[in-house]
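-16 is the number of the first residue of the sequence shown in the numbering used here; add one for each residue after it. Note that the Cβ used here is the ideal one computed from N, Cα and C, for glycine as well. Report on the following structure.
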Amino acid sequence: MATTAPESPLQTPEAEPSLRTAELAVGGMHCAACATRVQRSLDKLPAVASASVNLATHRAFVAFDPAEIDTDRLVRAVSDIGYSASPVSRGDTGEAAPPGDPDHWARRAAISWPLALAALAVALAAPETPAAGWTVLLLAVVTEFAGGWPFLRDAARLLRHGATSMDTLIALGTLAALTVSAVEAIALGGRHVHLGGSGAVAARLHGVMAPLIVAILVTGRAVEAQARARAGKALHSLLSLRPPTARVVTDVDDDAGELVSPESVPVGALVRVRPGESIPLDGVVVGGWSSVDESMLTGEPLPVDRGPDSPVTGGTRNGNGVLTVRVTAVAAESVLASLQRMVEDAQREKAPLQQIADRISSVFVPVVLVGALVTFLVWWGVVGNFGQAVLSGLAVLLVACPCAMGLAAPVAMMVGCGRASALGIFIRSGTALEGLAKVDLAAFDKTGTLTEHRATVTTVVAASGWSEDQVLSLAAAAERDSDHPLARAVLDAAPDATSVVARDPRAIPGIGVEGTVDGHLVAVRRLDDQASPGNEALAAAVDRRRSRGETVVAVSRDGQVIGALALATPLRPEAGAAISQLHDLGLRSAVLSGDAEAAVRTAADELGIDDAWWALTPADKVTRLRDLRSSSHRVVMVGDGVNDAPALAAADVGCAVGSGSDAALANSDVALLGNDLRGVPTAVGVARSTYSVIVQNFAWAMGYNAAALPLAAVGLLDPLVAALAMGLSSVVVVLNSLRLTRLGRGTTATGAARTVAGSGRRGLAVSIALPIVLFGGLVVVTQVVSPARGQFLLPSLPSITTTALPGTGGGSVESYVDPGRTGVNQFHLIFAGPRGAVTSSHPLVTARQGNGTPEILRQITISPGHFSEVAVLSPGTWYFHVTSPFGHRTVAFTVPVSIG
């Protein structure tokens, strides 16, 4: 919805006299649940009117009554729940609380990977030796605290305040994995125990599961932080346009001046801007000529010439000349400051989809904790498989990712709004962006929007005996001292406007002007719709110009009409292309104007506008817009932002074009600083693309968790893969948002979809289903084709000695000795097949060498149908004799194994 109150720029709660808005940099937030918790803590304060927290920028915006509370109390409210906070100035170009330091996490990854790989190498090289087991455990502990300490620290801090977050899941998962390694080492004297699946590979990798998980998680956090830092570059580039100093001078001739902070320069002061420097403040040029690059604000690629009396905007860059500028606005009231606040407020207000994500994320972590516990209890208590219970519980903890949901909208908004600002498009809020993405009708004011701001002479008609130049010269002489807009058009058109001078010029209100030229009375008078120039030869030409809606004035000398001038405000040269691009995007077009019917119809016909209404008062425009909206249209109203305030407020989205004034920014949801109307379809294209990315991100986050959590719970995801998938899920959201950086003025409008993809319920459902099908299908297919049943993407190694024997009762028996070399070995029995794993019970296993005495081996039940026997074997041939109830009979067999 468009704003409804044309007050100060960027209407925020601080616009109310009794309220003040504070901006806080919040540290320690890693998921949407964190942001929601901070917001609720601030909202609970009695003097706080509203609070909003942005996860992507780590900023909190709080509207409060300064008479009852101060910023120190706001900071304490945040710190009391386990997060850090500090106040920052709005428009501060620094990042007081960066969302995540990429270098910090990269350093953690650089520490974790060598330790994890060392543990893996030890486990694979000598898994049978106790020393190797203790070494792996030591490396796992060092990795947990050296690499994963931030997870443990933040989880502990929140636990002290009775709260949970994404770090809680990670800390529990990594500590549980570490516990598994510790239990192995303590219970088996440093040897590995096989927790599930078939083959020794799983046994070896589970021993180093903890350090590998930590390494994967910190790497994922580093990649995410790097991508988020890149996403914020476009946004923070606007905040750094103003130079740190301004050169204040005493007069136009003073070149040295004094360097001071722009914030300390008052209105009326003179500042000197040297070639290549940025203009520090808004002002008017009082000395010098130069070209000024305004592309960083307007998106216009070509520099514009600026000289005496030309306005300049702070943040733009001076060309090759020296300018002296008289300041017209202090730093806090400049156009750049208003735009900065507008962009920041766009990050503050949450899109409707983000509000849904926040509600889900607020309960996500507790639900996952309960789910992990239930998974563990079901696998252990019901199925009787303790090893799989540990693995599946870990996988549930590690695969869950509320971060992706929390980042779905903020990161896309940050990138989209940052890219839009680079194109000279400034969007007030997430609601405005969503509204602009869904509009289906663009309504334009005519004067000053579809047309140029200054009128021009389109036709000169001379009576018999007079030339067009003579008529135009006499008219210019009479108009020379007039300040009427039409007078300026006549003077601009006359080739010798200064060579002929009228004596005693005077204006006749509502009629025209007259003066004496060379002793003759020359008059320039406007003809109303019924008037005739009194010369039949001129009447036809006058009627033709009137039929096009042009203003016609008659030029007379001594009461005799000698000619006529037709004047009009010409259409902007790019207006036709802008309307055509809007049509390509599937929008209808309309013009709402207070001008006469002929002028409005002519403009609409030339531009190909679908609907036109004329002779409308401001109230009539509001009524017409309400009628359009009530007929199921979503309308964007395009005007200059000053004279069209009621119409802009009445539309779904108000768009001000070609103005950086405070009023334009206050009255509009979208402000286009450039004078190019093609910025309107560009803005629609940027909004549609950004909103589509938000929907895609949200759908990915929902679909990923909907697929990953059940797969982890049923044992189809290994904890290592779960950790990798969790890290990548957030990275996918950020990288998908970064696609918006490729949006450009030349491609956005023509390349954007005609409708917003996935904005409806059906589209959103399809988008959510895609990651479920892709991710779930990948896991299922991999499980089918993988030789390591139950171990996702873990291949077999040739060091495994396997003997397959036919079983009875509809099953089979697989046995192997791990590692098959001198030392401590594990003899594995796996009863498989339709009935094998179910009907087999505890077997009796003995081992003998040659004719030696059989030794009953100590047995560990890994899972139903999977048993491990521990034996110390010397080189030679060993015979393992197995006796086991299997189905309705007893199975007895002997397995010879050669030990190297």
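Cβ-Cβ separation, residue j to residue i (assumed contact under 8 Å), whole Å
| i | j | result |
| --- | --- | --- |
| Ala387 | Tyr687 | 6 Å |
| Arg402 | Val619 | No, Arg402 and Val619 are not in contact; Cβ-Cβ is about 19 Å, not under 8 Å. |
| Thr442 | Ala549 | 4 Å |
| Gly298 | Leu224 | 4 Å |
| Pro226 | Ser261 | 4 Å |
| Ala485 | Arg463 | 7 Å |
| Val382 | Val716 | At roughly 16 Å, the Cβ-Cβ gap does not stay under 8 Å, so Val382 and Val716 are not in contact. |
| Val714 | Gly156 | Not really, about 18 Å apart at Cβ, beyond 8 Å. |
| Ala438 | Ala472 | 4 Å |
| Gly495 | Val505 | Their Cβ separation, rounded to whole angstroms, is 11 Å, which puts Gly495 and Val505 out of contact at 8 Å. |
| Ala378 | Pro702 | 5 Å |
C-alpha gap between residue i and residue j, whole angstroms
| i | j | result |
| --- | --- | --- |
| Leu38 | Ser720 | 15 Å |
| Ala152 | Ala32 | Rather than Ala, the amino acid found at residue 152 in this sequence is Leu. Going by the C-alpha atoms only, they are around 33 Å apart. |
| Ile343 | Asn301 | 50 Å |
| Val21 | Ile64 | 8 Å |
| Ala708 | Arg91 | 19 Å |
| His864 | Gly833 | 13 Å |
| Ala732 | Ser615 | Annotation note: pLDDT 42 at Ala732 (below 50); position unreliable, no value reported. |
| Asp237 | Asp288 | 23 Å |
| Gly498 | Leu469 | 17 Å |
| Ile408 | Ala123 | 51 Å |
| Leu191 | Trp96 | Reading off the sequence shown, one finds Val at residue 191, where the question assumed Leu. Taking the straight line from one Cα to the other gives about 12 Å. |
| Ala633 | Val254 | 41 Å |
| Ser779 | Pro858 | At Ser779, the pLDDT of 30 sits below 50, so the modelled position is not reliable; the number obtained from the coordinates is stated separately. Those two C-alpha atoms are separated by around 24 Å. |
| Pro601 | Leu753 | 48 Å |
| Arg671 | Val756 | 26 Å |
| Thr414 | Asp603 | 26 Å |
| Ala146 | Met397 | 28 Å |
| Trp132 | Ala165 | 18 Å |
| Trp683 | Leu718 | 12 Å |
| Arg728 | Gly622 | Interpretation of Arg728 is limited by its pLDDT of 48, a score under 50 that renders its predicted location unreliable; the figure taken from the coordinates is listed afterwards. Approximately 20 Å between the Cα atoms of the pair. |
| Arg841 | Val365 | 25 Å |
| Ala5 | Phe44 | 6 Å |
Bridge-paired residues (DSSP) for residue i
| i | result |
| --- | --- |
| Cys638 | Val621, Val653 |
| Ser572 | Ala425 |
| His864 | Thr829, Thr877 |
| Gly270 | Thr307 |
| Ile52 | Ile52 is not bridged to any residue. |
| Arg342 | DSSP output for Arg342 lists no bridge partner at all. |
| Ala34 | Val45 |
| Phe369 | According to DSSP, which records beta bridges pairwise, Phe369 is partnered with nothing at all. |
| Thr439 | Ala551 |
| Asp594 | Ala573 |
| Asn301 | Val275 |
Same chain, Cβ closer than 7 Å to residue i, neighbours up to 5 away in sequence not counted
| i | result |
| --- | --- |
| Ser881 | Thr860 |
| Val243 | Thr228, Ala229, Val231 |
| Cys384 | Tyr687, Asn688, Met709, Ser712, Ser713 |
Below-8 Å beta-carbon distance, residue i vs any chain D residue
| i | result |
| --- | --- |
| Met192 | Among the chains in the structure shown there is no chain D, since it carries only a single protein chain. |
Contacts around residue i, its chain only, beta-carbon distance under 6 Å, and the 5 residues preceding and following it disregarded
| i | result |
| --- | --- |
| Glu51 | Ala30 |
| Ser247 | none |
| Thr875 | The amino acid at residue 875 is misidentified as Thr; the sequence shows Ala. If we look at Ala875 and ignore the five residues flanking it on each side, its Cβ neighbours are Thr866. |
| Gly637 | Ala(-15), Met620, Leu631, Ser651, Asp652 |
| Gly641 | Asn658 |
| Tyr885 | Absent from the model: residue 885. The displayed extent of the chain is -16 to 883, so no value can be given. |
| Asp466 | none |
| Ala198 | Ser95, Trp96, Ala99 |
| His503 | Arg540, Asp541 |
Beta-carbon contacts of residue i that lie in its chain and below 8 Å, excluding the five residues immediately before and after
| i | result |
| --- | --- |
| Trp890 | With the chain covering -16 to 883 only, the question about residue 890 has no answer from this structure. |
| Ser67 | Val9, Gly10, Gly11, Val61, Ala80 |
| Leu158 | Glu127, Leu135 |
| Ala28 | It is Leu, not Ala, that sits at residue 28 in the sequence shown. These residues qualify, in order along the chain: Phe47, Ile52, Arg56, Leu57, Ala60. |
With contact counted as at least three CB pairs below 8 Å, one residue from each stretch, are the stretch 414 to 426 and the stretch 445 to 461 in contact?
-> With the cut-off at 8 Å, the stretch 414 to 426 and the stretch 445 to 461 do not touch.
Is it a yes or a no for the stretch 343 to 356 touching the stretch 133 to 141, going by three-plus beta-carbon pairs under 8 Å?
-> The answer is no - the stretch 133 to 141 does not touch the stretch 343 to 356, with fewer than three Cβ pairs under 8 Å.
Kindly confirm or deny that the stretch 20 to 34 and the stretch 98 to 108 touch, where touching means at least three C-beta pairs closer than 8 Å.
-> No, the stretch 20 to 34 does not touch the stretch 98 to 108.
The stretch 656 to 664 / the stretch 677 to 697 touching (three or more Cβ pairs under 8 Å) = In short, these stretches do not touch, since the Cβ pair count stays below three.
Determine, using beta-carbon pairs with one atom in the stretch 562 to 569 and one in the stretch 594 to 606, whether at least three such pairs fall under 8 Å.
-> Cβ pair count under 8 Å is below three, so no.
Inter-stretch contact (C-beta, 8 Å, three-pair minimum) for the stretch 425 to 438 and the stretch 552 to 561 = The stretch 425 to 438 and the stretch 552 to 561 touch, with no fewer than 3 CB-CB distances between them shorter than 8 Å.
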